[in-house]
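Residue numbering for the sequence shown follows my numbering, starting at 366 and increasing by one per position.
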Amino acid sequence: MPKKIITDETMPQALGLLHSWQGRLTWDLYAKKLAKRLKVDRIAKRSLYKHDEIVIVYKQVQERLKEQAPEEKTTDATVRKLTQELEKTQSELAHEKQKVTNLQEALLRLQRNAYMVPGIDTKKLQDLLINRLPDERR
366 MPKKIITDET
376 MPQALGLLHS
386 WQGRLTWDLY
396 AKKLAKRLKV
406 DRIAKRSLYK
416 HDEIVIVYKQ
426 VQERLKEQAP
436 EEKTTDATVR
446 KLTQELEKTQ
456 SELAHEKQKV
466 TNLQEALLRL
476 QRNAYMVPGI
486 DTKKLQDLLI
496 NRLPDERR
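Now the structure itself:
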C-alpha cells in the first residue's frame with residue numbers, strides 16, 4: 366500500500382505553498398515543488414486530486430494568477446515582497462471565507478434535518494444551539 370503523503374499535518378504546508386504561488390501554475394509544477402518541500406521523492410497528481418481542499422485552493426490561485434496584470438519591472442524589492450505577501454494573505458482569506466460559508470450551509474442542513482425528526486424537543490435543540498454545550502474535557 367502506498368505511503369500517504371498528504372495528511373492533516375502536511376495539509377497546511379500544501380495549502381501554504383499554493384497560497385504563496387507566483388508565476389505559472391500547473392499540477393506538475395505544484396506536485397514537484399510540494400514533493401521537494403515535504404522531502405519526498407515525488408507526489409502523483411492523482412493523489413492531489415483526491416483532496417477537495419487542495420483542488421479548491423488550486424482553482425482559486427489559478428484565477429488570481431490569471432487576473433494579475435503582467436508584472437511590472439519595479440526595482441524596489443520591498444514593494445515586490447509586500448505585494449506577494451498581500452496576495453498570499455488575500456488568497457488565504459478567500460479560502461477561509463469559503464470554508465466558513467461551507468460550514469454555515471452544513472449547519473443549516475443539520476438544523477433543518479434535526480427539526481424534521483419526530484420526538485426531538487425543538488426547544489431543547491434550540492437551547493443547545495444558542496447556549497454552547499458544556500465542555501466536559503476541560
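Glycine included, C-beta positions come from ideal geometry on N, C-alpha and C.
For chain D, find out if any of its Cβ atoms is closer than 7 Å to the Cβ of D441; answer yes or no.
Here chain D cannot be found, since the structure has a single protein chain.
By DSSP, does K368 sit in helix, in strand, or in coil?
As a first step, residue 368 must be located in the sequence shown, where it is residue number 3. Note: K368 maps to coil in three-state DSSP.
Whole-angstrom distance between N467 and L473, CA atom to CA atom:
Residue 473 sits at position 108 when you count from the first residue of the sequence shown. Residue 467 sits at position 102 when you count from the first residue of the sequence shown. Their Cα atoms are separated by approximately 10 Å.
Let me know if L475 comes out buried or exposed under the rule of 16 or more other beta-carbons within 10 Å of its beta-carbon.
As a position in the sequence shown, residue 475 is number 110, starting the count at 1. Residue burial annotation: L475 is exposed, with fewer than 16 other C-beta atoms found within 10 angstroms of its C-beta.
Would you check if the distance between the CB atom of V426 and the CB atom of W386 is smaller than 7 Å?
Position 61 of the sequence shown holds residue 426. Position 21 of the sequence shown holds residue 386. It is a contact, given that the beta carbons lie within the stated cut-off.
From this set, T443, L458 and D373, which residue's C-alpha is nearest H384's C-alpha?
Translated into the one-based positions of the sequence shown, residue 384 becomes position 19. Ranking T443, L458 and D373 by CA distance to the CA of H384 puts L458 first.
Skipping 5 residues on each side, what residues in its chain have a beta carbon closer than 7 Å to that of T372?
Residue 372 sits at position 7 when you count from the first residue of the sequence shown. For T372, where only same-chain residues beyond five positions count, there are no Cβ hits under 7 Å.
Is the segment 375-382 in contact with the segment 396-408, if contact means three or more CB pairs nearer than 8 Å?
The segment 375-382 makes contact with the segment 396-408: 3 or more CB pairs, one atom from each, lie closer than 8 Å.
How is N496 classed by DSSP in three states: helix, strand or coil?
Indexing the sequence shown from 1 puts residue 496 at position 131. If DSSP states are grouped into helix, strand and coil, N496 belongs with coil.
Assign Y423 to one of two classes, buried (16 or more other C-beta atoms within 10 Å of its C-beta) or exposed (fewer than that).
Within the sequence shown, the letter at position 58 stands for residue 423. By the neighbour-count definition (other C-beta atoms within 10 Å, threshold 16), Y423 is a buried residue.
Would DSSP call K453 helix, strand or coil?
Here residue 453 refers to the residue found at position 88 when the sequence shown is read from its first residue. Three-state result, K453: helix.
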